[in-house]
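Single-structure report; data block below.
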């Protein structure tokens, strides 16, 4: 999935997972130019512009929302889900224990157009 947004906009991504036991859901982010360097997102990150709401029942559902987008918010967002008991063991390869889905969000700067007024003509013109 890919979306293009403007600075100041907001976006939401949804992740719905099924498994037994119900998988844990996490959200991760990588800059477009550093797709190999993901960082985990948390509720309240980025000066409280990140909101993560997750509910677990017969399945797991999570919504990642980011408000007041800036150019720095452009990147790859990843929902990771796992019910592997070793999923948070740092010695394990995350590619084996986590199922992933990604969305790329592009953020464009809103163009500012200034109104130009031509100079007034003088009697000398």
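In UniProt numbering, the protein residues as written are 1 to 125.
Backbone N, C-alpha and C fix where the C-beta goes; we use that ideal spot for every residue, glycine too.
Item to check | Supposed close pair residue 7, residue 64 - CB separation, criterion 8 Å | outcome: The pair is not a contact, with the Cβ atoms about 19 Å apart (cut-off 8 Å).
Item to check | Sequence ranges, beta strand (DSSP E) only - wholly within the UniProt domain "Ig-like" (1 to 97), length at least 3 | outcome: 2 to 6, 11 to 17, 24 to 30, 50 to 56, 60 to 66, 75 to 82
Item to check | Closest by C-alpha distance to residue 19, when choosing among 73, 108, 84 | outcome: 84
Next on the checklist: Restricting to Cα atoms, I'd like to know which of 103, 71, 74, 67 is closest to residue 80.
Outcome noted: 103
Item to check | Collapsed DSSP secondary structure at residue 112 in the structure displayed | outcome: coil
Checklist entry - Can you round the beta-carbon distance between residue 67 and residue 49 to whole angstroms, since I take them to be within the 8 Å contact cut? => result 5 Å
Item to check | Close-in-space but distant-in-sequence residues of the same chain around residue 109 (CB under 7 Å, 5 per side omitted) | outcome: 7, 71
Checklist entry - By Cβ distance below 6 Å, which residues in the same chain neighbour residue 5 in space, the five residues on each side in sequence not counted? => result 11, 69, 107
Item to check | For residue 103: DSSP bridge partner residues | outcome: 77
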